[in-house]
Amino acid sequence: GKGAFTTESLSTYDAFGEMLTTTGAKYPATLQVVSEKATCLTLSLQAIEAVMGPLKGLEEGGRTLELLQAHPVVSKLSPDVLAEVARKATVVHVKDGDSVIRQGEPADAFYVLCKGEAIVTRTLAEADRHPKEVLRLTPGAQFGERGLLTDQPHTANVIAGRKVELVKIDKADFMALIAIPLKMAMERQYKTRDEAATKELEVGFHDLDHIKVIGAGMFGQVKLTRHKYTESIYALKIMRKDLIIRHGQQEHVKNERTVMMNLNHWSCVGFKRCFRDKHSLYMLLEMVHGGELFRYLDQKGRLQEANARFYTGQVILGLEHLHAQGVIYRDLKPENLLIDSAGYLKMVDFGFAKKVGNGKTYTICGTPDYQAPEVILRKGHGKSADCWSVGILVYEMLAGHAPFKSKADNPRDTFRNILQGVYTIPMYIGDTAADMIMQLLQHEPGKRLGLGGLREGKAHPWFD
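Shown next as structure tokens:
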């Protein structure tokens, strides 16, 4: 027509129109056949989507994957997991000044900041009339994971600055796909300040400022300490020699030191070094800024299955690390599992841990509720006794109490219940969780899940 001109020529097997399928726009040009004849294959948008799924969704999924691949930690996930995360996630654009999360509200998603800047504010005291700015987030920052992992409300507000673009991953998808792998990736990507400081500067006993007592035990205290020069924070476990000797615990203390010196796993509290003086022995440990799982259970009553599964996975990984060194833990219980500031578990107190290789030991130790039948009967016990304790822990997290606990809190009654092997699984516990509990609480160690290694526990359908 008038004013028409040719901008492009198409030849055999060239395609056109694909860029308009997701926008709904009209063709910006007229296509005219200039050869004697032409045969075209036409595919409607409906036909394409029937085979490939909604094109807009595919386009957004590719964009989400691209954004996640730019994140220094999330990008370290395995390709399969990363692709699944991208498929589940959504890209969100937030207006300047709008809230992304609010302090005190339940956590329902994990976020990665891809573009723009976000402002973190917090009400520090009840008397504060306005929240105070505490941090500014730049692209690559993540937030929301702490509330998800601890099942606690948000402790701060996050407010969008200009042109904020986020990747949002809902709670269920985060717990199923990212929680444990993200923790492991973070451990590889970032070394803690304490670890770096320990490498750079040998910590001496007199380099520590004693801040306050944060715990007490049979042999002494645990103190919060700070390094005078690096300001790194540690926990200092103090054990009085006279009390150790009086209770005949010299061997257990020696075992604890030996075991902890060889631990190197994020789910086990970090060991720094030992000191001694005329009256006491000291262990300098990683400081875990959280509370006991026991206190958390006491407040909640029982956990949601996703949270129990998350914690169980971490315990299994920690025990697997111990068992690979021929060490059995023998003291698994909620009191010995601390929740760190990011919501991950740390196994503590290795006083009953012992190196047995693939053999057995005959010492009775541990908490009555968590003792395996072979421990009570003094038949000799090995790694499978830890597997039994995992079964007790799973039950207690889901039901709110141990399966064989005596109503009168009498250890003899508890032992009798364990040896009889009679317990009831509440109806509200899911089928796969119930199956895992039953396989772990097999009376005969040879029939117990985990006999062939804790990889059997990781492969159980409950973790699918």
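When the count follows my numbering, it moves up by one through the sequence shown with no breaks and lands on 465 for the last residue. The beta carbon of each residue, even a glycine, is placed where N, CA and C say it ideally should be. Here the structure is a predicted model, which means the values were calculated and not measured.
If we ignore side chains and look at the alpha-carbon of each, how far apart do residue i and residue j end up?
{"i": "Leu237", "j": "Phe272", "result": "10 angstroms"}
{"i": "Leu209", "j": "Gly319", "result": "29 angstroms"}
{"i": "Leu394", "j": "Arg137", "result": "40 angstroms"}
{"i": "Gly454", "j": "Tyr230", "result": "44 angstroms"}
{"i": "Glu397", "j": "Val328", "result": "24 angstroms"}
{"i": "Trp463", "j": "Val289", "result": "29 angstroms"}
{"i": "Ile215", "j": "His94", "result": "44 angstroms"}
{"i": "Glu134", "j": "Arg123", "result": "7 angstroms"}
{"i": "Gly141", "j": "Ala90", "result": "16 angstroms"}
{"i": "Pro427", "j": "Tyr112", "result": "35 angstroms"}
{"i": "Glu85", "j": "Leu178", "result": "8 angstroms"}
{"i": "Leu59", "j": "Ala110", "result": "With a pLDDT of 46 at Leu59, under the threshold of 50, the modelled position of this residue cannot be trusted; read the value that follows with caution. Each residue's Cα considered, the two are about 22 angstroms apart."}
{"i": "Leu442", "j": "Arg449", "result": "7 angstroms"}
{"i": "Gln47", "j": "Gly458", "result": "45 angstroms"}
{"i": "Leu83", "j": "Glu37", "result": "50 angstroms"}
{"i": "Gly483", "j": "Phe416", "result": "Any property of residue 483 remains undetermined from this structure, which presents the chain solely from 2 to 465."}
{"i": "Tyr429", "j": "His131", "result": "43 angstroms"}
{"i": "Phe351", "j": "Leu66", "result": "42 angstroms"}
{"i": "Asp387", "j": "Gln251", "result": "23 angstroms"}
Going by C-alpha to C-alpha distance, which of the options sits closest to residue i?
{"i": "Gln143", "options": "Met437, Ala343, Gly319, Gln222", "result": "Ala343"}
{"i": "Leu294", "options": "Ser233, Pro369, Leu346, Ile329", "result": "Leu346"}
{"i": "Val466", "options": "Val92, Ser10, Ala307", "result": "Past the edges of the chain, shown from 2 to 465, lies residue 466, and the structure says nothing about it."}
{"i": "Leu420", "options": "Pro404, Glu252, Cys388", "result": "Pro404"}
{"i": "Leu42", "options": "Thr31, Ala30, Asp15, Glu67", "result": "Asp15"}
{"i": "His444", "options": "Thr65, Gln47, Ala400, Glu375", "result": "Glu375"}
{"i": "Ala307", "options": "Leu450, Ser79, His461, Lys172", "result": "Lys172"}
{"i": "Asn411", "options": "Pro369, Lys356, Gly422, Cys275", "result": "Pro369"}
{"i": "Tyr330", "options": "Met348, Leu452, Thr425", "result": "Met348"}
{"i": "Asp465", "options": "Gln33, Val101, Leu167, Met437", "result": "Met437"}
{"i": "Gly401", "options": "Val75, Asp299, Ser268", "result": "Asp299"}
{"i": "Arg147", "options": "Ile181, Thr13, Gly447", "result": "Ile181"}
Residue i lies in the alpha helix (DSSP H); which residues open and close that run?
{"i": "Ser36", "result": "That residue, Ser36, is in no alpha helix (DSSP H); it is neither H nor E in DSSP."}
{"i": "Thr259", "result": "251-262"}
{"i": "Tyr230", "result": "Per DSSP, Tyr230 belongs to no alpha helix (DSSP H) and is neither H nor E."}
{"i": "Thr122", "result": "From DSSP, Thr122 is part of no alpha helix (DSSP H) but of the beta strand (DSSP E) over 119-123."}
{"i": "Ile438", "result": "432-441"}
{"i": "Phe272", "result": "Here Phe272 belongs to no alpha helix (DSSP H); instead the beta strand (DSSP E) covers 272-277."}
{"i": "Phe220", "result": "Neither: Phe220 is in no alpha helix (DSSP H) and is coded neither H nor E."}
Is the beta carbon of residue i within less than 6 angstroms of some heavy atom of the ligand HEM?
{"i": "Asp109", "result": "Within the structure as shown, the ligand HEM is missing, as the structure has no ligands at all."}
For the beta strand (DSSP E) containing residue i, name the first residue and the last one.
{"i": "Ile212", "result": "209-217"}
{"i": "Glu287", "result": "281-287"}
{"i": "Arg137", "result": "133-138"}
{"i": "Tyr112", "result": "110-116"}
Q.
Which runs of the beta strand (DSSP E) at least 3 residues long sit entirely within the segment 143-177? Give them in chain order.
A. 158-161, 165-171
**Q.** Contact between the segment 360-369 and the segment 307-320 (3+ Cβ pairs under 8 angstroms)
**A.** no
(Q) Under 8 angstroms: do the segment 108-128 and the segment 160-170 share three or more Cβ pairs, one atom per stretch? (A) yes
Q) Considering only residues of the segment 66-100, which uninterrupted alpha helix (DSSP H) runs meet the minimum length of 4 residues and lie entirely inside it, listed in chain order? A) 80-89
(Q) Does the structure place the segment 430-448 close enough to the segment 270-290 that three or more beta carbon pairs sit under 8 angstroms? (A) no
**Q.** Runs of beta strand (DSSP E) lying entirely within the segment 324-383, each at least 3 residues, in chain order
**A.** 338-340, 346-348
Q. Quick check: the segment 260-269 against the segment 219-228, are there 3 or more CB pairs under 8 angstroms?
A. no
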